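Reading through the structure tokens given below for one structure.
There are 6 protein chains.
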Amino acid sequence: MKENTLLTKLRNGETAINGWLSSASSFTAEAMGLVGFDCVTVDLQHGLIGIDTALPLFQALSIGNTIPIARPMWNDPAQIMRLLDSGAYGIISPLISTVDDAATLVSACLYPPRGTRSYGPARAIMYAGAENYYPEVDNQILKFAMIETLAGLDNLDKILQVEGLDGVYIGPNDLSLAMGYMPKTEPTDKEVLDMVQHICDRAHAHGKFAGMHGTSGVSAAGSAKKGFNFVTAGNDIGLLSAACKSAVAAVRQS
Amino acid sequence: MKENTLLTKLRNGETAINGWLSSASSFTAEAMGLVGFDCVTVDLQHGLIGIDTALPLFQALSIGNTIPIARPMWNDPAQIMRLLDSGAYGIISPLISTVDDAATLVSACLYPPRGTRSYGPARAIMYAGAENYYPEVDNQILKFAMIETLAGLDNLDKILQVEGLDGVYIGPNDLSLAMGYMPKTEPTDKEVLDMVQHICDRAHAHGKFAGMHGTSGVSAAGSAKKGFNFVTAGNDIGLLSAACKSAVAAVRQS
Amino acid sequence: MKENTLLTKLRNGETAINGWLSSASSFTAEAMGLVGFDCVTVDLQHGLIGIDTALPLFQALSIGNTIPIARPMWNDPAQIMRLLDSGAYGIISPLISTVDDAATLVSACLYPPRGTRSYGPARAIMYAGAENYYPEVDNQILKFAMIETLAGLDNLDKILQVEGLDGVYIGPNDLSLAMGYMPKTEPTDKEVLDMVQHICDRAHAHGKFAGMHGTSGVSAAGSAKKGFNFVTAGNDIGLLSAACKSAVAAVRQS
Amino acid sequence: MKENTLLTKLRNGETAINGWLSSASSFTAEAMGLVGFDCVTVDLQHGLIGIDTALPLFQALSIGNTIPIARPMWNDPAQIMRLLDSGAYGIISPLISTVDDAATLVSACLYPPRGTRSYGPARAIMYAGAENYYPEVDNQILKFAMIETLAGLDNLDKILQVEGLDGVYIGPNDLSLAMGYMPKTEPTDKEVLDMVQHICDRAHAHGKFAGMHGTSGVSAAGSAKKGFNFVTAGNDIGLLSAACKSAVAAVRQS
Amino acid sequence: MKENTLLTKLRNGETAINGWLSSASSFTAEAMGLVGFDCVTVDLQHGLIGIDTALPLFQALSIGNTIPIARPMWNDPAQIMRLLDSGAYGIISPLISTVDDAATLVSACLYPPRGTRSYGPARAIMYAGAENYYPEVDNQILKFAMIETLAGLDNLDKILQVEGLDGVYIGPNDLSLAMGYMPKTEPTDKEVLDMVQHICDRAHAHGKFAGMHGTSGVSAAGSAKKGFNFVTAGNDIGLLSAACKSAVAAVRQS
Amino acid sequence: MKENTLLTKLRNGETAINGWLSSASSFTAEAMGLVGFDCVTVDLQHGLIGIDTALPLFQALSIGNTIPIARPMWNDPAQIMRLLDSGAYGIISPLISTVDDAATLVSACLYPPRGTRSYGPARAIMYAGAENYYPEVDNQILKFAMIETLAGLDNLDKILQVEGLDGVYIGPNDLSLAMGYMPKTEPTDKEVLDMVQHICDRAHAHGKFAGMHGTSGVSAAGSAKKGFNFVTAGNDIGLLSAACKSAVAAVRQS
Ligand SMILES: [Mg+2]
Ligand SMILES: [Mg+2]
Ligand SMILES: [Mg+2]
Ligand SMILES: [Mg+2]
Ligand SMILES: [Mg+2]
Ligand SMILES: [Mg+2]
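Residue numbers (this note's numbering), protein chains in the order written: chain E, 5 to 258; chain U, 5 to 258; chain S, 5 to 258; chain B, 5 to 258; chain V, 5 to 258; chain R, 5 to 258.
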């Protein structure tokens, strides 16, 4: 089957750059697949994308060399399995608070006997190739648990020991809220920033990858410097809105 | 009916800043309607948008204060009328080469006895308000003829004298090709640049508005300085792709 | 092939009641197919429906016993043929002003040697049945020319003599505008009302059917009394909006 | 952030009139937003609307002054949060049977520390405005628990005491079934009618709002007279079907 | 209400032939409804179909005489109820492992007092007819539990005794995986084949129907010979891909 | 830019096998792109596909190695240009009857100075690569004129001399009708069969390619033997329906 170059890169110790897709436009998806991101995340939680509109996005992302991954609406095995059947090569699951949550995520991504994924990779074998899809795919799906709740912080070390989990991904808005601060995609409160670094370090201590959300290349570069292996450099609507506002300002101020 | 603030601005001698929408995402459209553009153009010619996907875009653009306008796939009265029925408050029609082309455009935008628009403003009166829609709307629709062919250049002065036409809009790629140069959205060839200025000046000489396509705020600011009344500061896919590439580069180079 | 019960009814001298669909919802279409209309018109001119969203509407209308017909965006053979391929059993073509316009409509609805329809009834034979589709279908498609322009009025008798045309359909808004009055879906100006009756009478004098647009059952009943064979009793958005306003008023006034 | 005028009205002791949307047409949604309803409910339970088709409906409802609310497919925090992210300003959650059910609903609508809503108001801040969105939004979302099961009746008083719940909404079909009667959207059985009044009175006794489903303005006016603060005056498909049937009958009987 | 001819056939001891739909095309659905299948299953688990794209499929399947059934994404009452509201006349629920799972499925398909289905058959009464819909529908919905996990095998006899369950349906890929073999839609391992026959026999011993998945007419005929009452003869994408490959080979080898 | 391997194959004297897509499903499109066809034609004339649903089909076809081409709804430059902008690498234009028709087709496919294509290859440069897109693309687009009318037969030799036209493609249904026979996708009338061979021979005499429509691999193999360079081996709905009917029959007859 087709190699998950994102996992290869991470396993080789390289930093992966992630783009974030929150609108259900296959034209936008194809464009984001061609700009150099190592992977693009189709966001079904806070992005305005559902199971039905996600399909053409995965297809559009398959045209280039980027790796399509997904954030499900919830840590829901049914939806995770469908995203994998649709061609996602990785899952970033939100609001993982307990070992059970993390185990559910991992199990949904692996076929028996390792997990409980139901077999029916309708489009996945079109994308990945049917040859050796099973059992090789079990080694090719990235599994990230989002750490962004108080319980998730409490259980961080236990979550990081769940077998099969590849790493954790920080959602800074929810993390800030959980810690009693205003929600900020780019945290500035010292306690939150310290926690971000702490999570990154604990992930590494357990031999796992650490991923960090972000709104720009500058932010992602900063996260990379902190040691994060997987850094998000903004989402489509955010980057476009910022670019438009700059463009308007450039004319108004001229 | 609701005022066409874009026309008001142009009639007041102010420069209008236009955003360009080429993807069929209502989320993207709503975002572009909120960033400060005076108007946003839904592009059915080279954008990947058709009559069916255009409807939610006009609706999304109606939420904010920007003015929704459209470029039809062709200088086709049937499609122009449908775009107006869908709530477009302006039409930028491509490849206008003759007086007849321009007259066709104007006629399609006006009800009898001034023109030939067929009556049935299904969504337009939801957007504009039913009160006085007819006959007031005949004074509220912006009509721009694109000048971008050799014949269009030859007939420029005659086109600019077509009654009811509000102005001309330059398509720099086609203009460059027509003049024997490589297609460039941001022309650099002197002969083309001179022609761009010439078109702008002739429009003003005839008391009409001049519009110029562009890929960025810098480009649009430059056009405004040349005297253009209506300047496009980039399209969604172009601005997003550029922003993504910058973001990726920021991480890779850090 | 499946009988066009609408044509049968008209040929038997009965009055047919038409519903009008202007929104692209297959749920709405199915509902309108079940309320007792003899036929429902999918409106691609002023309705917010295009070729892509029309397909599920024709499918939904096929579930009940109503006959699906269509108004194309323009008197355009390509779109007329596609609507027939999609399962429309009748065409109401807008803005027919000349004998040539009417002949174009008729020709687009008939296969050679009678006309120029291109063969490829992809879904039509699913709806109609493949058996004897050709050549029987040539006798099963209703063809109505809309009379609503000054030229159409001038050429009325000649249009009514075009072989193969089944009748004329009046668009009261455009007719009013053409005659110098305010656009009204329910005309009240005597000259317009007289013209409506005149068109109806001329159609009958030529042995053709007469159809009249309308916004309600009362309006359609009135048209039936004037002798119209085909009467439209309102469109989805208009009927729904009126029903909602009545419902709101009922509560506010209680 | 933009005021929730529906909540303001309810808090001021006025009766709110609700429209109900069960078809996934943004044109229908925009029309229903302009007829005078205080709010319109996008129904993802029994309406034929899902997460993907709901987005343009919320956008269309945002054009007018009505307040968009939603009924999720289930009392599911993931879907409730996505509806809020999409711009819903209220949630009517079905089949609330226990205090836990009600607490789950409330928690899903509030950010930490009050609740568990995950932060990512992608479109919500476009609709509501980003300024003070957090924490003000926690006071701006209407939360209605549907009372329509035997357990819900048993636990009514306890449910009404759940902090943060704004009120209850009666689903008359399920309520009738639960009480051993035929399902009726407009109940006629005395025991059911008494229960309807009882639920309304208990809500008021606990200082909460009472909402009642209904099929027409007459029905909604009746509910308002019984003391309900929030009355539904019919859904799109029901109102349209009734209007069509009346129109057809008007012609047939003429 | 409209008879469920599939259930009638099964109850009469006849073998039912099932087609499987995994793409969200209403044109494909209509075609599959016309080729002679007794029923067609809309697959929301491994098919690339969701709640939003399922609606036009059910409508398209309603045109012919086939019976539309559905496989939900999960054994989820909310989605099962919505599929029934959309017009499904049967449910094949995946991964049923326990008596509780089976009871949940049955309960979701029956109205109180027999079950917990929520009342709101929006489109179902358009398809089935409103007359006597309740309570007759409780006897007209096919309920199949998929047996494909180790726990499901362990609990087979207990599952088969769940009141209201009509039968079991075998998912051969998951069954093979569960039993320690490679996933195969057409099993060849003796132990798996024996288990398939065993499940069929146990169903019959309990007076329930047995259904078997398959990829072709040959496979389905083989299952019928083994005694299965309900046999699947392939899915759209699989049958089409095979037909295309054969066609290409026919040309290449000529 | 990316090579048009279909043109390369034809120019090398090899026979190309074409698949035909008439349903608007991107899943079906991706499947058809992976079965071995040299190219797949997205049919906007008799297929139920329009400009809006065509986009994800082109994207899905871009995933594999097949070459995406298109048949427009009409020999309409506006639509042809949009199909090229969407990523089509070839155009099969229907009902070409005159030299002017053929010249219009060729002109729409070529940029100035060779033709009149308007510049804006929005998605085309994503598919093809931006490097050297202009002017190389002018040599990479396949242009086939459909010969299927009496006038087309009369003007065959003149059409074949139009510079830039790559060849002709026979529509057997329309050709049969034009010649006074029943429409047949697989002609059996000697006069029609002779004409098919004649068209093929005349194309070769003019150094142009000859393409033939067909319903199966057997048919396409037969056309290849007759000398056709481009042979269609069936469309999605036809191949699937035939496969389903065979599967049903296999069970019924067992
Ligand atoms: Mg989060
Ligand atoms: Mg241009
Ligand atoms: Mg009209
Ligand atoms: Mg209920
Ligand atoms: Mg399974
Ligand atoms: Mg043809």
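Quick reminder that beta carbons are idealized off the backbone N, C-alpha and C, glycines included. This one's a predicted model, so the numbers in the text were calculated from it and none came from an experiment.
What residues from the segment 56-80 of chain R come within 8 Å of chain C, judged by C-beta to C-beta, listed N to C? In the structure shown, chain C does not exist; the protein chains are E, U, S, B, V and R.
Since methionine 130(R) and isoleucine 174(R) are thought to touch, with beta carbons under 8 Å apart, how far apart are those beta carbons, to the nearest angstrom? By a beta-carbon distance limit of 8 Å, methionine 130(R) does not contact isoleucine 174(R). Their separation comes to about 33 Å.
Which residues in the same chain as threonine 189(U) place their Cβ atom closer than 6 Å to its Cβ, once the five residues preceding and following it in sequence are excluded? Pro176, Asn177 and Thr219.
Can you say whether aspartate 47(E) is buried or exposed, counting buried as having 16 or more other CB atoms within 10 angstroms of its CB? Around the Cβ of aspartate 47(E), a 10 Å sphere holds 16 or more other Cβ atoms; the residue is buried.
Contact list for leucine 181(U) against chain R, beta-carbon separation under 7 Å: The answer, in chain order, is Tyr115, Pro116 and Tyr123.
Let me know if alanine 134(B) comes out buried or exposed under the rule of 16 or more other beta-carbons within 10 Å of its beta-carbon. Counting Cβ neighbours within 10 Å, alanine 134(B) comes out exposed, since fewer than 16 surround it.
Given that a residue counts as buried once 16 or more other Cβ atoms are within 10 Å of its Cβ, and exposed if not, what is threonine 12(U)? Classification for threonine 12(U): exposed.
Are valine 44(S) and threonine 9(S) touching if we call contact CB-CB under 7 Å? 7 Å or more divides the Cβ of valine 44(S) from the Cβ of threonine 9(S).
Within the present structure, is the beta-carbon of serine 122(B) separated from the nearest heavy atom of ligand 1 by less than 6 Å? At least one heavy atom of ligand 1 is nearer than 6 Å to the Cβ of serine 122(B), so yes.
Within the segment 6-36 of chain S, note down every full alpha helix (DSSP H) run reaching 4 residues or more, in order along the chain. Counting only runs of 4 or more, we get 9-15 and 30-36.
By Cβ distance below 6 Å, which residues in the same chain neighbour glycine 242(V) in space, the five residues on each side in sequence not counted? If the five residues before and after glycine 242(V) are omitted, its C-beta is found closer than 6 Å to the C-beta atoms of Thr219, all from its own chain and listed in chain order.
Return no unless some Cβ of chain R is closer than 7 Å to the Cβ of glycine 238(U). With a threshold of 7 Å between beta carbons, glycine 238(U) makes no contact with chain R.
Closest Cβ-Cβ distance between alanine 92(U) and chain S: below 7 Å? Output row for alanine 92(U): interface = no.
If you draw a straight line from the alpha carbon of lysine 162(S) to that of leucine 169(S), how long is it in whole angstroms? Their backbone Cα atoms lie some 11 Å apart in a straight line.
Please name the residue or residues paired with cysteine 43(U) in a DSSP beta bridge. DSSP, once it has assigned bridges, lists Asn22(U) and Ile71(U) as partnering cysteine 43(U).
Return the residues of the segment 17-37 of chain V that lie within a Cβ-Cβ distance of less than 8 Å from chain R, sorted by chain order. If you check each beta-carbon in the segment 17-37 of chain V against every beta-carbon of chain R, the ones closer than 8 Å belong to Thr19, Ile21, Gly23, Ser26, Ser27, Ala28, Ser29, Phe31, Thr32, Ala35 and Met36.
Integer-rounded CB distance, given that arginine 121(V) should sit under 8 Å from methionine 150(V): About 20 Å separates the beta carbon of methionine 150(V) from that of arginine 121(V), a gap too long to meet the 8 Å contact definition.
Stretch-stretch touch, CB-based, cutoff 8 Å, three pairs: the segment 73-81 of chain E with the segment 53-67 of chain V: Touching, no.
Quick check: is any heavy atom of ligand 6 less than 6 Å from the C-beta of glutamate 190(R)? Taken from the Cβ of glutamate 190(R), every heavy atom of ligand 6 lies 6 Å or farther away.
Could you check if aspartate 178(B) belongs to the surroundings of ligand 4, using beta carbon to heavy atom distance under 6 Å? Inclusion of aspartate 178(B) in the 6 Å shell around ligand 4 follows from its C-beta lying nearer than that to a non-hydrogen atom of the ligand.
For my contact list, valine 110(R) and glycine 119(R) are in at a C-beta cut-off of 8 Å; report their separation, rounded to the angstrom. In this structure valine 110(R) touches glycine 119(R) by the C-beta definition: roughly 6 Å separates them, less than 8 Å.
Collapsed DSSP secondary structure at methionine 3(R) in the structure displayed: This structure cannot speak to residue 3(R), because chain R is shown only from 5 to 258.
Alpha carbon to alpha carbon, how far is methionine 31(B) from serine 27(U)? In the sequence on display, residue 31(B) carries phenylalanine and not methionine. Spanning the two alpha carbons is a distance of roughly 20 Å.
Should leucine 10(R) be flagged as near chain S, meaning a C-beta pair shorter than 7 Å? Output row for leucine 10(R): interface = no.
Kindly indicate which three-state DSSP category alanine 237(U) falls into: helix, strand or coil? In the structure shown, the three-state DSSP call for alanine 237(U) is strand.
Note down, in chain order, each residue of its chain lying with its Cβ closer than 8 Å to the Cβ of aspartate 89(S), except the 5 sequence neighbours on either side. Result list for aspartate 89(S): Gly124, Pro125, Ala126, Arg127 and Ala128, in chain order.
Should threonine 57(U) be labelled buried (16 or more other beta-carbon atoms within 10 Å of its own) or exposed? Buried: at least 16 other Cβ atoms inside 10 Å.
With DSSP collapsed to three states, give me the class of leucine 52(S). Coil, per DSSP.
Over the uninterrupted alpha helix (DSSP H) stretch that includes lysine 147(V), give me the two end residues. Counted as a single uninterrupted DSSP element, the stretch harbouring lysine 147(V) is not any alpha helix (DSSP H) but the beta strand (DSSP E) occupying residues 146-151.
DSSP on tyrosine 173(E), reduced to helix/strand/coil? Of the three classes helix, strand and coil, the one that applies to tyrosine 173(E) here is strand, per DSSP.
Taking Cβ to Cβ, would you say isoleucine 96(S) is nearer than 7 Å to valine 255(B)? No; because the gap between Cβ atoms is not below 7 Å, this pair is not in contact.
With a threshold of 6 Å (Cβ to nearest heavy atom), would glycine 119(S) be considered close to ligand 6? No.
Pick helix, strand or coil for glycine 231(B), following the three-state DSSP scheme. Glycine 231(B) falls in the coil class under three-state DSSP.
Within the continuous beta strand (DSSP E) that includes glycine 163(B), where are the two ends? Here the sequence assigns isoleucine to residue 163(B), which means glycine is not the residue at that position. Counting along the chain, isoleucine 163(B) sits inside no beta strand (DSSP E); it lies in the alpha helix (DSSP H) bounded by residues 160-164.
Could you give the uninterrupted runs of the alpha helix (DSSP H) lying entirely in the segment 94-150 of chain S, keeping only those of 4 residues or more? Annotation: the segment 94-150 of chain S contains the following complete segments of the alpha helix (DSSP H) (minimum length 4 residues), in chain order: 103-113, 128-132 and 137-140.
CA-CA distance, proline 117(S) and alanine 182(R)? The alpha-carbon atoms of proline 117(S) and alanine 182(R) are separated by roughly 7 Å.
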